[in-house]
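A.B. asks: For the first sequence, the numbering used here begins at 376 and goes up steadily by one. No residue lacks a Cβ here, since even glycine has one placed at the ideal position from N, Cα and C.
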Amino acid sequence: MEDYLEELNKSQKEAVLYTDGPALVIAGAGSGKTRVLTYKIAYLIQQGYRPYTILALTFTNKAAREMKNRVSEMVGAETASRLWMGTFHSVFSRILRKEAVCLGYTKDFTIYDTSDSKSLLKSIIKEFALDDKKYKVGSVFGRISHAKNALISPDDYDRNRSLIEADHNAGIPRTCDIYRAYVARCKMAQAMDFDDLLYNTNVLFRDHPDVLKRYSEFFSYVLVDEYQDTNYAQHVIVKKLVQNHHRFCVVGDDAQSIYSFRGAEIENILSFEKEYADSRIFKLEQNYRSTKTIVKAANSLIDKNRNQIRKEVYSENITGNKIGLIRAYSDLEEGIQVMGKIAELRMRSHCPYSDFAILYRTNAQSRIFEEEARKRGIPYRIYGGLSFYQRKEIKDVISYFRLVVNPMDEEALKRIINYPLRGIGDTTVGKIIACASTNGVSMWEVVSDPDTNALDVNNGTKRKLIAFAQLIQSFIRSSSEISAYDLAIKIVSESGIQKELFSEMTIEYQAKRENLQELLNGISLFTTNREEEGDESVRLIDFLSEVSLLTDQDADEEEEVSKVTLMTVHSAKGLEFKNVFVVGLEEDLFPSSMCMNSPKAIEEERRLLYVAITRAKENCFLSCTKSRFRNGSMELCRPSRFLYEIDPQFLDLPEANTVKVQSQPENNARSPFGVARTTTPPQFKKVSGVTDNKKNISSFPQYDLSVGDHIEHERFGKGEVISLEGEGDSCKAKVAFEHVGEKQLLLKFARFKKL
DNA sequence: CGTGGTGAGTTTTTT
DNA sequence: ACTCACCACG
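#1: To the nearest angstrom, report how far apart residue 553 and residue 480 are at their CA atoms.
#2: If I'm right that residue 780 touches residue 483 with Cβ under 8 Å, what's the distance once you round it to whole angstroms?
#3: Beta carbon of residue 813, beta carbon of residue 832: below 8 Å?
#4: Do you know how far the Cα of residue 605 is from the Cα of residue 542?
#5: Among the residues of its own chain, which have a CB less than 7 Å from the CB of residue 898, if the five just before and after it don't count?
#6: Counting only runs of 4+ residues fully inside the stretch 451-517, write out the alpha helix (DSSP H) ranges in chain order.
#7: If you reduce the DSSP assignment to three classes, tell me which class residue 442 lands in.
#8: Are at least three pairs of beta-carbons, each pair with one atom in the stretch 941-949 and one in the stretch 732-750, less than 8 Å apart?
#9: Mapping the DSSP letters down to three states, classify residue 662 as helix, strand or coil.
#10: Are the CB atoms of residue 992 and residue 952 within a distance shorter than 8 Å?
#11: So, residue 865 versus residue 876, is the Cβ gap smaller than 8 Å?
#12: Going by the DSSP bridge assignment, what does residue 535 pair with across the sheet?
#13: Taking 8 Å as the limit between beta carbons, can you name the residues of its chain near residue 754, skipping five residues before and five after?
#14: Exposed or buried, residue 382, counting other C-beta atoms within 10 Å across all chains shown (16 or more means buried)?
#15: Looking at C-beta atoms only, is the number of pairs between the stretch 564-571 and the stretch 483-497 that lie closer than 8 Å three or more?
#16: Looking at the unbroken alpha helix (DSSP H) that takes in residue 710, where does it start and where does it end?
#17: By the 10 Å Cβ neighbour count, where 16 or more other Cβ atoms means buried, how is residue 344 classified, buried or exposed?
#18: With distances taken between CB atoms, is the gap from residue 957 to residue 734 smaller than 8 Å?
#19: Please classify residue 503 as buried or exposed, where buried requires at least 16 other C-beta atoms within 10 Å of its C-beta.
#20: Would you report the Cα separation of residue 387 and residue 406, rounded to the nearest angstrom?
#21: From what residue to what residue does the beta strand (DSSP E) around residue 429 run?
#22: Short of 6 Å in beta carbon distance, which residues of its chain neighbour residue 710, apart from the five on each side in sequence? Order them along the chain.
#23: Taking the beta carbon of residue 492 as the centre, do at least 16 other beta carbons fall within 10 Å, making it buried, or is it exposed?
#24: Leaving out five residues before and five after residue 592 in sequence, what residues of the same chain have Cβ atoms less than 7 Å from its Cβ?
#25: So, for residue 1022: in the same chain, excluding its five sequence neighbours on each side, which residues have a beta-carbon less than 6 Å away from its beta-carbon?
#26: Sort out for me which residues DSSP pairs residue 794 with in a bridge.
#27: Around the C-beta of residue 460, are 16 or more other C-beta atoms found within 10 angstroms, so that it is buried, or is it exposed?
#28: What do you reckon, are the CB atoms on residue 586 and residue 477 nearer than 8 Å?
#29: Exposed or buried, residue 537, counting other C-beta atoms within 10 Å across all chains shown (16 or more means buried)?
#30: Would you kindly report the start and end of the unbroken alpha helix (DSSP H) that includes residue 818?
#31: For residue 701, is the classification buried or exposed, using 16 other Cβ atoms within 10 angstroms of its Cβ as the cut-off for buried?
#32: Inspect the beta-carbon positions of residue 629 and residue 712 and report whether they are closer than 8 Å.
#33: Following the continuous beta strand (DSSP E) through residue 1012, name the residue where it begins and the one where it ends.
#34: For residue 615 versus residue 580, is the C-beta distance shorter than 8 Å?
#35: What is the DSSP secondary structure of residue 836, counted as helix, strand or coil?
#36: Hey, quick one: how far does the beta strand (DSSP E) through residue 954 stretch, first residue to last?
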């Protein structure tokens, strides 16, 4: 163990060894944050802390798993497995299941995922007879979620003037009523949504001092990873847990705070020192990951943020290459150029595909890179998109499981009451909901006993309802007798799901069958694992509570072939790659158009780019395009303001630019992109030149062309005219483009200019 | 009650 | 491009 400590640098070591009070570790990008956390846990254990009294909270499952693995290597898997280590959500859900009764919940409560929550909100908005064009499910959900993350109850909400006013101004004054109804319905369904896992943990500790006392005495040391991403609720709960002894350590980097959209408060980390007068702060400033150039370039960018903890991140690695710039004419060509560059670099340096990552702001950008990779036969792996457990066929099956475990689960019931089709349509479901709410009972009670609840449906429908209820009841009876796996099999065959999935032999259905098979395999694996660990009766609820908090990133399949990684910048946090391409650096995309009127949001976007750049170990490329297909039409793009904020001495400015600057007399400033650079950087939306750009695009001048002319096309880039045919409006040109090959252009529509 | 077609809106990020 | 809501018909 003493040897381990020698592997740390001075500040890392200090951070590990200090355990007497609150510790804030500011960990610059690539500075060995996980190392400090894992060594610290090992050190605590060495100091005599019992492992099961150490609580380590992370933000993602992936981070938790990685930490667990690394701790295992140091102290052994046996000891590591006793630690309380996991995401906030998973650890708190464990606590909540234990203490559920205090809160009026059963241990088997359901966890609603985002789509369940939204579906419930949709019902409520409909029941309130509100205009769903005004009351958009997404924004109502967002407001409720923010309220919960700020520990604001429906009653608090009502009393909060600024919230009420904001809703009023947004034309949705009844948001608070929806919130109240939503909470009641979740409770009625014995369900908690993601935010409830935090909110209710706080309620538990607030209203039950004895319970809090038990946990705060039980946990002898608390560690929190990615503290900059915690929201108010998490902050308060941590505070409560350590109130007795103040022995805890939070690790984070304010420069990498990128989750404010879901309630993260950068203030939690910025004001830590004020909050805990007895705290010590440790700064890890040496970056071990990247070249000097990458670190300095990233620093020069993040320097533009006002709100931050000052630190000097530096690298002792080689200087390395400058940051590459890629300028494309269109999103299409961006894909071609980036993939081309990857192929070229790979040839030159013989590094595997897994050394490359393409990072983008939005998932929608992935498609073009995917297509281009496929064309070239470059293997790739996309992260993000729908998680396995969110696919329709999987959610449907899981909903059966959920209903069996918790018949009050309204969202699960709605999902499967007519799947597979059994003649219970929207009309009937509407009646059931209405009947349930007038009688103050759950939908399940209405379905299983339509008569007592005076449900107004005809006899045929009633029979169908009763048959459905009996089906579910038979599953419930079996659930106490047979294993989770056997029950799953029984459900799939007796519900008719199996028949339905074999009713068609199309590729989609084939995929669905495979997915279902995978789910069953997962249950089987889960059951055997638990049984090996000595758990005699593995219940379905155990499986459910585990999978409801999993995301796609957690499927850690061993990759047999090396692949290029495609992911959003958000999901790249914490990862590193030899070569990184950050794409789509354009105004309204990165920074996102969502935050044009908020300097705070712009600072967050800047941090996001900081995160992206600092993922790179050796080479980093930034790309932008002149035009991009968005929302169904071609839009002109201006380079991101961030490109001008990076100190140009770290940028590899291409020679060709000089030429381009000359050929575009309207340019009045030297810029890395040879694109009209207004003397002031692009400002907020109302002053921006977006509309002017739109005009430019349609007033592209027409030229008389002849064979051999060189042209510059809006999407395809530069090329040479090979042949011409037709006259007037139907005149067509065949053009050989540099990057995209030969294309036919109908001159009437083609957007290009002669060079 | 179910289905199949059309049309509109949609995209920021995730536990 | 892709999903979802709505509508008309069987």
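C.D. replies: Quick answer:
#1: So the alpha carbons of these two residues sit roughly 21 Å apart.
#2: 5 Å
#3: Taking the C-beta atoms as reference points, residue 832 is found no nearer than 8 Å to residue 813.
#4: CA-to-CA, the gap between residue 542 and residue 605 works out to about 25 Å.
#5: 859, 860, 863, 918
#6: 452-455, 463-474, 489-502
#7: helix
#8: As far as the Cβ criterion goes, the stretch 941-949 touches the stretch 732-750, which means the pair count is three or higher.
#9: strand
#10: For residue 952 and residue 992, yes; Cβs fall inside 8 Å.
#11: no
#12: According to DSSP, which records beta bridges pairwise, residue 535 is partnered with nothing at all.
#13: So the list reads 728, 748, 936, 937, 938, 939, once near-sequence residues are dropped.
#14: exposed
#15: Yes, since at least three Cβ pairs between the stretch 564-571 and the stretch 483-497 fall closer than 8 Å, the two stretches touch.
#16: 706-724
#17: The structure shown does not extend to residue 344, since the chain is modelled only from 376 through 1130, so no value can be given for it.
#18: yes
#19: Its Cβ having fewer than 16 others within 10 Å, residue 503 is exposed.
#20: 9 Å
#21: 429-433
#22: Cβ neighbours of residue 710 beyond the five flanking positions: 743, 744, 747.
#23: buried
#24: 619
#25: 675
#26: Residue 794 is not bridged to any residue.
#27: buried
#28: yes
#29: Classification of residue 537: exposed, given that the 10 Å Cβ count is below 16.
#30: 818-823
#31: buried
#32: no
#33: No beta strand (DSSP E) contains residue 1012, which DSSP labels as neither H nor E.
#34: yes
#35: Three-state DSSP puts residue 836 in a helix.
#36: Annotation for residue 954: the continuous beta strand (DSSP E) segment containing it runs 952-957.
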